[in-house]
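The next block holds one structure in the form of structure tokens; read it before the comments.
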Amino acid sequence: MYFTVTFVQLIVLQFCTIFSITECSNILKESLRIIGGNDANSEKYPYVVRIEVKIRTISTNNTIIAEHYHLCTGSALSSRWVLTAAHCLLFPLLSFNLKVVIRYGKGFDPQRTNHSFSDVLQAIKHPLYRKHENDIGLIQVTPMSIENYMKISAVDYLSILGHEAVIAGFGITNVTLSGGKIERNDTLALKKPLQVLKVLIYKCPEYYFTSSYCLAKRCGHQVTVCRGDSGGPLIHSSGIAGILFLGERTADCLDQIPKTSTNIAGIALPISPYIEWIYSYVSS
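The sequence shown runs -24 to -1, 1 to 260 under mature numbering (1 follows the signal peptide of the UniProt record, and there is no 0).
Shown next, in the form of structure tokens:
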């Protein structure tokens, strides 16, 4: 979503604590996206949810207007718990007029307008979180009514190297308009559903991040993950195996067609080392 220098932009800037001022400025210009992904089947991923900033304003005729701005992607583990990236949880103390909510409902089919919302009750970052390390968090919410929740993969993260998986996110995507013009905007603004992408899991080289998955794209495909899909799931046949936290070439996110020089579409944090920490909250 494109932002101007408004109150909304100043608020969203508070969520960019993890990034430099330059990076944050770029995020506000182009927001967050998976480039090159596909529309998801609206019935297949009901547990993938949007984390949004909700801002209430009063119009000149004293009508309350609510505006929503995309923040991150998450996965519903139960009716009350959402799994996401820790850096998505750096929001300030909120009020009635400004708060974070969870939007859910069958992949947000463009034809479906009765989406549901849950309020955030508590945001929990991993106690050892720092930039690009232990980037995992949980959100406790008011009860959600979702048909199917997703389980966490219990297999050791090294055992699925070389396996195929799917990544999912609600970030900015592209559509081609008449005349060939490319428009980039939020998936809801463009009436686009959840975006998914098939990847191959392999271990990142040591010069990347410790204990991280590098996600390989298909040969010849110009695709990349950008921060807009932060917190989105890496979905393996055994369950949610990882959390998206970074694209390999974030600068490419500003181009209409990514010019990535490697086969890496994105980077994810493996889930298996954090299972006990997750269940210490979710089980209660």
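By construction, the Cβ of each residue, glycine as well, lies at the ideal position given by its N, Cα and C atoms. If you're wondering where the values come from, they're calculated on a predicted model, not measured in any experiment.
Would a C-beta distance cut-off of 8 Å place residue i and residue j closer than the cut-off?
i, j, result
"H63", "S206", "yes"
"S135", "I216", "no"
"L245", "I112", "yes"
"A141", "L59", "no"
"Y133", "P249", "yes"
"G81", "G147", "no"
"Y21", "A144", "yes"
"Y178", "L137", "yes"
"V29", "L47", "yes"
"I34", "E43", "no"
"H108", "L222", "yes"
"S92", "S55", "no"
"L220", "V201", "yes"
Please go through the same chain and pick out, in chain order, the residues whose beta-carbon is closer than 6 Å to the beta-carbon of residue i, but skip the five residues on each side of it.
i, result
"F(-6)", "Note on F(-6): pLDDT 34, under 50, position unreliable in the model; no value is reported."
"I(-4)", "Residue placement at I(-4) is poorly supported in this model, since its pLDDT is 29, which falls under 50; the coordinates still yield a value, given next. So no residue of the chain qualifies."
"V(-20)", "Low confidence applies to V(-20): its pLDDT is 31, below 50, so where it sits in the model is not reliable enough to give any reading."
"K127", "G215"
"Y257", "L114"
"N110", "H102 and L104"
"S260", "none"
What would DSSP say about residue i, mapped onto helix, strand or coil?
i, result
"A241", "strand"
"E28", "strand"
"I78", "strand"
"A144", "strand"
"Y250", "helix"
"H212", "strand"
"G113", "strand"
"C64", "helix"
"G207", "coil"
"V258", "helix"
"Y133", "helix"
"F185", "coil"
"Y178", "strand"
"G138", "coil"
"I122", "coil"
"L220", "strand"
Any Cβ of chain B within less than 8 Å of the Cβ of residue i?
i, result
"P103", "Judged by its chain identifiers, the structure shown contains no chain B, having just a single protein chain."
Below 7 Å CB to CB, which residues in the same chain sit around residue i once its five sequence neighbours on both sides are set aside?
i, result
"W253", "H102"
"L97", "Q116, V117 and T118"
"S213", "none"
"K193", "V175, V199, N239 and A241"
"E123", "P22"
"G218", "Y189, L210, A244, L245, P246 and I247"
"I251", "I128 and A130"
Can you check DSSP and say which residues form a bridge with residue i?
i, result
"F93", "R79"
"K107", "Paired residues: none, contrary to the question."
"E43", "I31"
"S51", "V24 and L59"
"K101", "G113"
"L191", "I177 and G242"
With a CB to CB cut of under 8 Å and the five nearest residues on each side skipped, what residues in its chain are close to residue i?
i, result
"G50", "V24, V25, R26, I27, V58, L59, T60, C64, I78, I115, G207 and G208"
"residue 263", "No answer is possible for residue 263: the residues shown for the chain start at -24 and end at 260."
"K75", "V29, K30, D95 and V96"
request  = Specify whether the stretch 177 to 189 and the stretch 242 to 258 touch according to this definition: at least 3 beta carbon pairs, one from each stretch, less than 8 Å apart.
outcome  = Yes: the two stretches touch, three or more of their Cβ pairs being nearer than 8 Å.
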